[in-house]
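Per our numbering, the very first residue in the sequence shown carries number 8; after that it's consecutive.
Notes for the one structure printed next.
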Amino acid sequence: MAAEAVREQELRDYLRNKLETALDYTQVNGNMEHHLPGNLNMSFVYVEGESLLMGINDIAVSSGSACTSATSSPAMSSRPSASATT
């Protein structure tokens, strides 16, 4: 598993470098020391979230968090699992 974490971190850092080199006004959200190896959280100034969602198909992207969605129901990740409620 340690080898996989190193591989994921290398891929994450490669993607970050490519994005920061190719685009102006990018920002990493949070402290990179505390990110999971396969996670990269970035903001892109002057980019509409909907355009980003429609333009990228090969990686998972979102234009906001579950906390800022317009729905009143809790996100799946914040709901208790069936095993936790029994």
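Glycine included, every Cβ here is placed at the ideal spot set by N, Cα and C.
Residues bridged to residue i [DSSP beta-bridge criterion]
| i | result |
| --- | --- |
| E35 | Correcting the residue identity first, residue 35 is Val in this sequence and not Glu. According to DSSP, V35 bridges with M49. |
Three-state class that DSSP yields for residue i in the structure shown
| i | result |
| --- | --- |
| A9 | helix |
| H42 | coil |
| N64 | coil |
| L30 | coil |
| E57 | helix |
For residue j and residue i, believed in contact at Cβ under 8 angstroms, the rounded distance
| i | j | result |
| --- | --- | --- |
| R19 | L47 | 5 angstroms |
| N64 | M49 | That belief does not hold up - the Cβ atoms of N64 and M49 are roughly 18 angstroms apart, past 8 angstroms. |
| L59 | S70 | 6 angstroms |
Candidates the options, of which the one nearest residue i by Cα
| i | options | result |
| --- | --- | --- |
| D113 | M39, E40, F51 and P44 | Past the boundaries of the shown model lies residue 113; the chain is included only from 8 to 93, so the question cannot be answered. |
| T53 | T33, H42 and M61 | Position check: residue 53 holds Tyr in this sequence, whereas Thr was assumed. Considering only alpha carbons, the answer is T33. |
| M39 | A29, A10, E11 and E17 | E17 |
| I66 | E55, H41, A29 and L22 | L22 |
Distance CB(residue i)-CB(residue j) smaller than 7 angstroms
| i | j | result |
| --- | --- | --- |
| A12 | P44 | yes |
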